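Those protein sequences? They're chains A and B, same order as listed. Residues in the first sequence are numbered from 1 upward in steps of one, following my numbering. Residues in the second sequence are numbered from 1001 upward in steps of one, following my numbering.
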Amino acid sequence: MPNQSKGAIVGLGVTPMGKIYGRRAIDFAAEAIALALDDAGLAKSDVDGLLINANISGDMDVRSQMVLGFENLTLVNVMSAYGSTAGSMMQYACMAIREGLVRTVVLVYADAPLSPSRGAGQSYAGPHRFPLGGMVGLKAAYGNFGANPEYAMAARRHMHLYGTTTEQFGTIAVGQRKWAQMSPWAQMKASMTLADHQNSRFIAEPLRLFDCCLVSNGAVAVIVTSAERARDLKQPPVNVLGYAQSAPGDNLRTDRHPAVETGAKRSGEMAFRMAGVTRDDIGTCQLYDCYTYTVLVTLEDYGFCAKGEGGPFVADGKLGPGGSLPTNTGGGQLSGYYMWAFTPLSEAVVQARGQGGARQAPRSDYVLVSGNGGILNYHSTMILSRHASG
Amino acid sequence: MSQAATKPLPIPDELSAPFFNGAREGRLMLQHCTGCGAWSFPVRERCPHCFAAKLEWRAASGRGTLYTFTIMHQVMNPGFASSVPYNVAQVDLEEGVRMVSNVVGIANDALRVGMKLEALFEGSGDNVHLPKFRPAAG
């Protein structure tokens, strides 16, 4: 059934985000699911499927079902392709619904890695129990911890090949901060200028503090059901028209360049074809933005500009408020909240419903959502719409 | 940070021992498939190209080019507190594998993507040696 709705998002729950201490991930998950059920006008007993996004803390396992008190499920699993997982979860939820295995599926991401005694960077820096064995230990011995140096090296490669600049990265951060100031859920509200970006300290050169995403305690849940059933529920349905994954493979081979040619290209082409829409139909993008660079390279690979032209493409501020391609309108992960691909997914639901208020994009008939996991290793694309066909 | 903080050193395990033994003897040891001829990195039991369990350890040339690099400013481990800013680099080896390391013997601001590099081996008090890279001679 090409161009038709593959399933519909009928509920969205977003908890308070950020430095909220003393709560476990599962408690945030419970709150987000309760909010999503209320949003959808559904009862807990209506839920018969639960897909859990594995988190960095590792505590959202399949036994979460029991803690959350879900009974009589016919679909349950924990999934992970890191930051691309939300797109994969949406695929499997829609396929299972269409196959008749399940009717109403909760997708949830929850994490609480921040603690008062540990900075945001440390909370995501990877293993901490030294010494480490074998090649994992070798990586640490070089001072290569977590994602920051890896994305910095990807950004540097792009800068070398195409002349991309830190100021161009900065325009992405500045635009998203403006969006964040209009989102009730966003963590970062203070104004940010390009000079502020340029004056922010280096984390892993060429990436500065304001090139890097936040780390958040919190949870997001969405509820998915069939397009037919969605019509009778409380919220305007958000139809899932297209979805795809792409995992290009190893980056430790000299004949591969996943840092500058990402899986967004293939998964984007597949998702657009499935949805029956083109880039020109996309009114707003919600792109995975673990770093400013990720937004830039994803726009290139989706074909909004040619490979290598992402820097000049974003430099005029077209991604920010008033721009021609409103992107990450909730502030994204840079200024909003960091819930892996549930950050772009949650804002896409708001935009597709037309519930963005001051931050509502002028055109939002078709919303493009990306997920990105690992070091640009895993990619997912979703195309969402208030329309039931493309 | 206290002086007691030291950089974390890897503990060679059964799989990676030839790599670390080679480094101690001044050789960059990598796995080479006698089935399909491909080199691979990091360590594994089976060739990722042809799935043959025919990986043998061979000394690599140690020659490569700087694919990309970062200068780390954030202290992610107390052992590196006195080292920042330090570089982390991806080095494309002639054998076709890309490995992460540090480039030494050159100022960070003189690093250039594409520059020729050669391996050297830095020892430590624990007898663990690390392959690192420096600008190639000549």
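All C-beta atoms, glycine included, are put in the ideal place defined by N, C-alpha and C. Just so we're clear, the structure is a prediction, and the values are computed from it rather than from any experiment.
_My output table needs one value for Asp-1092 of chain B: the three-state DSSP class, helix, strand or coil._
Secondary structure at Asp-1092 of chain B: strand, using DSSP grouped into helix, strand and coil.
*Does any C-beta atom of chain B lie closer than 8 Å to the C-beta of Glu-300 of chain A?*
Cβ-Cβ to chain B under 8 Å: no for Glu-300 of chain A.
*Label Glu-99 of chain A either buried or exposed according to how many other C-beta atoms from any shown protein chain fall within 10 Å of its C-beta, with 16 as the threshold for buried.*
Exposed, because fewer than 16 other Cβ atoms sit within 10 Å of the Cβ of Glu-99 of chain A.
*Helix, strand or coil for Gln-65 of chain A per DSSP?*
It is helical.
*So which of A:Tyr-338, A:Gly-303, A:His-379 and A:Asn-251 has the shortest CA-CA distance to Ser-123 of chain A?*
Taking only the C-alpha atoms, the option nearest Ser-123 of chain A is A:Tyr-338.
*Proximity test, Gly-121 of chain A beta-carbon vs the ligand MN heavy atom, cut-off 7 Å*: Ligands are entirely absent from the displayed structure, and the ligand MN is therefore not among its contents.
*Starting from the Cα of Glu-261 of chain A, find the closest Cα among A:Tyr-378, A:Ser-335, A:Ala-195 and A:Thr-284 and give me that residue.*
Distances from the alpha-carbon of Glu-261 of chain A to those of A:Tyr-378, A:Ser-335, A:Ala-195 and A:Thr-284 put A:Tyr-378 closest.
*Could you check the C-alpha separation between Gly-137 of chain A and Leu-1130 of chain B for me, to the nearest Å?*
In this structure, the CA atom of Gly-137 of chain A is about 11 Å from the CA atom of Leu-1130 of chain B.
*DSSP three-state call for Pro-127 of chain A: helix, strand or coil?*
Bear in mind that the predicted position of Pro-127 of chain A carries a pLDDT of just 48, short of 50, making it unreliable; the figure below should be weighed with that in mind. Three-state DSSP puts Pro-127 of chain A in coil, outside helix and strand.
*Backbone CA spacing between His-158 of chain A and Glu-167 of chain A [nearest angstrom]*: One C-alpha to the other measures close to 14 Å.
_Just to confirm before moving on: does the CB-CB distance between Asp-1126 of chain B and Gly-134 of chain A stay below 8 Å?_
Taking 8 Å as the cut-off, the beta carbon of Asp-1126 of chain B is found no closer than this to the beta carbon of Gly-134 of chain A.
*By how many angstroms is the C-alpha of Pro-248 of chain A removed from the C-alpha of Val-1097 of chain B?*
Cα-Cα distance, rounded: 16 Å.
_Closer than 8 Å to chain B by CB, Leu-138 of chain A_ = Yes, Leu-138 of chain A lies at the interface with chain B (some Cβ there is under 8 Å from its Cβ).
*What's the gap between the Cα of Val-295 of chain A and the Cα of Asn-372 of chain A?*
When the Cα atoms are used, Val-295 of chain A and Asn-372 of chain A turn out to be separated by approximately 10 Å.
*How far does the alpha helix (DSSP H) with Asn-239 of chain A in it reach, from first residue to last?*
If you look at Asn-239 of chain A, you'll find it isn't in any alpha helix (DSSP H); it sits in the beta strand (DSSP E) that goes 238-246.
*asked:* Let me check understanding here. Comparing Cα to Cα, which of A:Lys-44, A:Asp-46 and A:Leu-51 lies closest to Phe-342 of chain A?
replied: When each option's Cα is compared against that of Phe-342 of chain A, the closest is A:Leu-51.
_beta strand (DSSP E) segment containing Phe-1069 of chain B, residue limits_ = For Phe-1069 of chain B, the enclosing beta strand (DSSP E) starts and ends at 1063-1072.
*Cβ-Cβ separation, Gln-198 of chain A to Ser-335 of chain A (assumed contact under 8 Å), whole Å*: Between the beta-carbon of Ser-335 of chain A and that of Gln-198 of chain A there is about 17 Å, and that puts the pair past the 8 Å contact cut.
_Whole-Å CB distance - Val-238 of chain A paired with Arg-386 of chain A, under 8 Å assumed_ = Right, their Cβ atoms sit about 7 Å apart.
*Using the beta-carbon count (16 or more within 10 Å), is Met-66 of chain A buried or exposed?*
Label assigned to Met-66 of chain A: exposed.
*Count the C-beta pairs between the region 14-31 of chain A and the region 178-190 of chain A that are closer than 8 Å, then say yes if the count reaches three, no if not.*
Yes, the region 14-31 of chain A is in contact with the region 178-190 of chain A.
_Please state whether the Cβ-Cβ distance between Leu-214 of chain A and Ala-155 of chain A is less than 8 Å._
Against a cut-off of 8 Å, the Cβ pair of Ala-155 of chain A and Leu-214 of chain A comes out as no contact.
*asked:* In the DSSP assignment, the beta strand (DSSP E) including Asp-111 of chain A goes from what residue to what residue?
replied: Boundaries of the beta strand (DSSP E) harbouring Asp-111 of chain A: 105-111, taken from the DSSP string.
*Does DSSP put Val-215 of chain A in a helix, a strand or coil?*
Reduced to three states, the DSSP call for Val-215 of chain A is coil.
*For Pro-127 of chain A, count neighbouring C-beta atoms within 10 Å of its own C-beta (all shown protein chains included) and say buried if the count is 16 or more, exposed if not.*
No answer about Pro-127 of chain A holds up, because its pLDDT of 48 lies below 50 and its placement is not dependable.
*Can you have a look at Ser-183 of chain A and say buried or exposed, based on whether 16 or more other CB atoms are within 10 angstroms of its CB?*
Label assigned to Ser-183 of chain A: buried.
*Could you confirm whether any beta carbon from chain A is found closer than 8 Å to the beta carbon of Arg-1063 of chain B?*
Cβ-Cβ to chain A under 8 Å: no for Arg-1063 of chain B.
*Output yes or no for whether 8 Å exceeds the beta carbon distance between Val-240 of chain A and Gly-7 of chain A.*
For Val-240 of chain A and Gly-7 of chain A, yes; Cβs fall inside 8 Å.
*Would DSSP call Asn-1077 of chain B helix, strand or coil?*
In this structure, DSSP gives Asn-1077 of chain B a state outside helix and strand, which the three-state scheme calls coil.
*Between which two residues does the alpha helix (DSSP H) carrying Ser-88 of chain A extend?*
Counted as a single uninterrupted DSSP element, the alpha helix (DSSP H) harbouring Ser-88 of chain A occupies residues 85-98.
_Out of A:Thr-284, A:Ile-375 and A:Ser-45, which one is the CA nearest neighbour of Val-350 of chain A?_
Answer by Cα proximity: A:Thr-284.
*CB contact below 8 Å: Ser-1101 of chain B versus chain A*: Interface residue, yes.
*asked:* According to DSSP, simplified to helix, strand and coil, what is Ile-26 of chain A?
replied: When secondary structure is reduced to three states using DSSP, Ile-26 of chain A falls in the helix class.
*asked:* Our contact map puts Gly-1062 of chain B next to Glu-1118 of chain B with C-beta atoms below 8 Å; I'd like the distance itself, whole angstroms only.
replied: Confirmed, about 6 Å.
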